[in-house]
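To start, the structure itself, in structure tokens.
In my numbering, the protein residues as written are 7 to 182.
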């Protein structure tokens with residue numbers, strides 16, 4: 007059974023979905039097409055979805071509260087993400103970007119050992135089903151400019167500033 011719940015955050019309501027193996031979706035509620043993600047999740051996991059919580063959604067709610075208060079830098083909830091092998095390779099790299107730091111899409115493609123795959127890496131970043139947990143908000147343009155974020159550029163800016171404030175990092179833009 008897929009459990010779906012909402013979590014209030016300082017930057018808006020988020021919708022979380024989890025199966026027994028872990029969290030499989032976390033997105034800003036208004037960024038979703040109502041019902042579309044649920045149907046997709048039911049199809050991917052071949053199981054019914056129901057509103058409610060499980061141990062993973064409850065743990066994530068607690069960890070998000072700690073993250074937004076500046077006490078948590080990494081998430082430890084189990085994840086169960088779905089995507090192509092390429093998308094998963096991009097998401098694994100995103101998970102390694104340190105709290106309070108950013109990288110460019112060009113650097114992301116280079117970390118994939120495919121410097122010409124900038125657009126593909128950007129598309130995989132944009133299809134990340136686990137906002138904040140897989141920190142796609144930490145990827146910026148080569149000039150440090152904030153570029154696309156499904157939750158909105160204002161939220162991306164807020165998240166980057168929040169992390170820099172609590173990490174003690176200067177607002178310098180690029181990681182490597």
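The beta-carbon is built from N, C-alpha and C at its ideal position, and this holds for glycine as well.
Exposed unless 16 or more other CB atoms sit within 10 angstroms - verdict on residue i
i           : result
residue 131 : buried
residue 14  : exposed
residue 12  : exposed
residue 93  : buried
residue 125 : exposed
residue 20  : buried
residue 171 : exposed
Extent of the continuous alpha helix (DSSP H) run through residue i
i           : result
residue 132 : 124 to 132
residue 99  : 91 to 101
residue 63  : 61 to 74
residue 139 : Element bounds for residue 139: n/a, residue is neither H nor E.
residue 172 : 159 to 173
residue 116 : 111 to 117
Run of the beta strand (DSSP E) containing residue i, from where it starts to where it stops
i          : result
residue 13 : 8 to 13
residue 25 : 20 to 25
Same chain only: Cβ atoms within 8 Å of residue i, ignoring 5 sequence neighbours per side
i           : result
residue 180 : Since pLDDT at residue 180 reaches only 45, below the 50 mark, its modelled position is unreliable, and the value read off the structure follows with that caveat. The residues are 108, 109, 110, 113, 146 and 150.
Own chain, CB closer than 6 Å to residue i, minus 5 neighbours either side, in chain order
i           : result
residue 148 : 110 and 112
Sequence-distant residues of the same chain with beta carbon closer than 7 Å to residue i, five excluded per side
i          : result
residue 63 : 9, 11, 22 and 24
residue 59 : 9 and 11
**Asked** Is the segment 23 to 32 close to the segment 77 to 91, with three or more CB pairs under 8 Å?
**Response** yes
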